[in-house]
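Convert by adding 380 to the 1-based position in the sequence shown; the result is the number in the numbering used here. Where is the CB? At the ideal position from N, CA and C, for every residue including glycine.
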Amino acid sequence: MWPKPEFPLYIPSKGRAQYMITSKALTRIGVRHSVVVEPQEAKEYRAAAKDLLCDIVVLDLSYKERYELCDDLGLTKSTGPGPARNFIWEHSIAQGHEWHWVMDDNISTFYRLNRNMKTPIGDGTSFHVMEDFVLRYRNVAMAGPNYECFTPRKEKHYPFIANTRIYSCNLIRNDVPFRWRGRYNEDTILSLDMLKAGWCTVQFNAFLQKKLETQLLRGGNTAEFYHAEGEIKPGQKYASGGTTAKSEMLVKVHPDVSRLAWRFGRVHHHVDYRPFRKNRLIKREGLEVPAGTDNYGMSLKVIE
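If you want it as structure tokens, here you go:
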């Protein structure tokens, strides 16, 4: 039997019951998880999830009222997924867990990158491996797999990179003194909050996630922010200005290490992570790592 994830996996979702992209990806590899939804959508999501390995958990909407939005607009516009992510954090603590996974709802595939090959994973071993790695250290606050599109398979990559942002698929230590904040860009804000406090993050290149492009899937932030705040012009697939406010918020919250930049045909942000190179991984006392390569039972198989 393959090693299963030790910690619970959660997916906050809104307006996307007809897709369930990440839930289907986890079901294909036999990993049970929870999908967190708002009360008015619970029935629809339960119907959509009847053949999936997931439980539907209803969000406590009071988390929206006390969420730190990092602007003065209050509840006049969507709060984004941050309140649900904070609810998930507390839910996992109430269940007695020391860490938890929280994932975007538009991840289609998970991969292992090894020997210049990106191989779709067939079970949950990769999540167990990432958990096992971070548990070797006493100062890792958050970790997760890199984006598949950022790791060309014919280029050299370190197995992991320390002290950078963790996006979309986050393994979070529950006892750290942080919570999600920000209407937008909450993943980068949280990463920087942790790094500035001296904690470490670990981004894995050995394991990857393939996420659908921003603004392409209806519902979620696409409906709440990106298309609502911009205009889709003829011949374009993205809304002009749809990510501007998102990038501006990050620069406002962390102006010392971030700035606006024009990339991929629209406004983005650029973050300088060099100041955090001094954050060193600290091994746990008494740690003994066996010599040699441990593939945790993973092997390459041809599926016809």
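Inset, instruction - Measure from the alpha carbon of S488 to the alpha carbon of each residue in R660, A474, S548 and N675, then state which is nearest. - result: Residue 488 sits at position 108 when you count from the first residue of the sequence shown. With distances taken between Cα atoms, S488 lies closest to S548.
Inset, instruction - Determine the direct distance from the alpha carbon of V509 to that of F605, and round the result to whole angstroms. - result: Stepping through the sequence shown from its first residue, residue 605 is reached at position 225. Stepping through the sequence shown from its first residue, residue 509 is reached at position 129. Low local confidence applies: a pLDDT of 46 at F605 is under 50, so the model's placement there is unreliable, with the coordinate-based value given in what follows. Each residue's alpha carbon lies about 35 Å from the other.
Inset, instruction - Could you check what DSSP says for T581 in three-state terms: helix, strand or coil? - result: Taking the first residue of the sequence shown as position 1, residue 581 is located at position 201. Judged by DSSP in its simplified three-state form, T581 adopts strand.
Legend entry - Option in E665, D431 and M629 with minimal Cα separation from V637: The count along the sequence shown starts at 1 and reaches residue 637 at position 257. The shortest C-alpha separation from V637 is found at M629.
Legend entry - Endpoints, alpha helix (DSSP H) assigned at H477: What you label residue 477 is simply residue 97 of the sequence shown in a count that begins at 1. Unbroken run through H477: none, as it is neither H nor E.
Legend entry - Rounded straight-line distance, which links the Cα of V482 to that of K404: Within the sequence shown, the letter at position 24 stands for residue 404. Within the sequence shown, the letter at position 102 stands for residue 482. Each residue's Cα considered, the two are about 15 Å apart.
Inset, instruction - Identify whether C450 lies in helix, strand or coil by the three-state DSSP scheme. - result: Here residue 450 is taken as the residue at index 70 of the sequence shown, counted from 1. Here DSSP, grouped into helix, strand and coil, assigns C450 to coil.
Inset, instruction - Drop a sphere of 10 angstroms on the beta-carbon of G524, count the other beta-carbons inside from all chains shown, and report buried for 16 or more, exposed for fewer. - result: Numbered from its first residue, the sequence shown carries residue 524 at position 144. Buried, because 16 or more other Cβ atoms sit within 10 Å of the Cβ of G524.
Legend entry - Bridge partners - A523, DSSP secondary structure assignment: Reading the sequence shown from its first residue, position 143 is the one you call residue 523. When DSSP reads this structure, A523 sits in a beta bridge with L551 and V582.
Inset, instruction - Could you tell me whether the segment 488-499 touches the segment 461-472, using the rule of 3 or more Cβ pairs below 8 Å? - result: Note that the segment 488-499 does not touch the segment 461-472; fewer than 3 beta-carbon pairs, one per stretch, sit closer than 8 Å.
Inset, instruction - For the beta strand (DSSP E) containing I541, list its first residue and its last residue. - result: Translated into the one-based positions of the sequence shown, residue 541 becomes position 161. In this chain, the beta strand (DSSP E) harbouring I541 covers F540 to A542.
Inset, instruction - Tell me whether S488 sits in a helix, a strand or coil according to DSSP, three-state version. - result: Counted from its first residue, the sequence shown places residue 488 at position 108. Here S488 sits in strand by DSSP.
Inset, instruction - Provide the residue span of the beta strand (DSSP E) that contains R643, from first to last. - result: For the purposes of this step, residue 643 is taken as residue 263 along the sequence shown, with counting starting at 1. First-last of the beta strand (DSSP E) with R643: S638 to R643.
Inset, instruction - State yes or no: is the C-beta of H648 within less than 8 Å of the C-beta of T623? - result: On the sequence shown, residue 648 is found 268 positions in, with the first residue counted as 1. On the sequence shown, residue 623 is found 243 positions in, with the first residue counted as 1. Yes, Cβ-Cβ distance for H648 and T623 is below 8 Å.
Legend entry - Beta-carbon contacts of K590 that lie in its chain and below 8 Å, excluding the five residues immediately before and after: Taking the sequence shown and counting its residues from 1, one reaches residue 590 at position 210. Contacts found: I487, S488, T489, F490, Y491, Y527, E528 and C529.
Inset, instruction - Determine, using beta carbons only, whether P419 and K444 come nearer to each other than 8 Å. - result: The residue given as residue 419 occupies position 39 in the sequence shown. The residue given as residue 444 occupies position 64 in the sequence shown. Contact flag unset, no.
Legend entry - Residue environment, M381, which counts as buried when at least 16 other CB atoms sit within 10 Å: As a working mapping, residue 381 is identified with position 1 in the sequence shown. Around the beta carbon of M381, a 10 Å sphere encloses fewer than 16 other beta carbons of the protein chains shown; the residue is thus reported as exposed.
Legend entry - Secondary structure of I391, DSSP reduced to three states: By 1-based counting over the sequence shown, the position of residue 391 is 11. Correct three-state label for I391: strand.
Inset, instruction - For the alpha helix (DSSP H) containing R426, list its first residue and its last residue. - result: Mapped onto the sequence shown, residue 426 falls at position 46. That run of the alpha helix (DSSP H) goes A422 to A428.
Inset, instruction - Give the secondary structure of D567 by DSSP, where H, G and I count as helix, E and B as strand, and everything else as coil. - result: Here residue 567 refers to the residue found at position 187 when the sequence shown is read from its first residue. For D567, the three-state secondary structure derived from DSSP is helix.
Legend entry - Whether A422 touches Q398 by CB criterion (8 Å): Walking along the sequence shown from the start, residue 422 turns up at place 42. Walking along the sequence shown from the start, residue 398 turns up at place 18. Contact: no.
Inset, instruction - Inspect the beta-carbon positions of G504 and G578 and report whether they are closer than 8 Å. - result: On the sequence shown, residue 504 is found 124 positions in, with the first residue counted as 1. On the sequence shown, residue 578 is found 198 positions in, with the first residue counted as 1. No, these two residues do not count as a Cβ contact at 8 Å.
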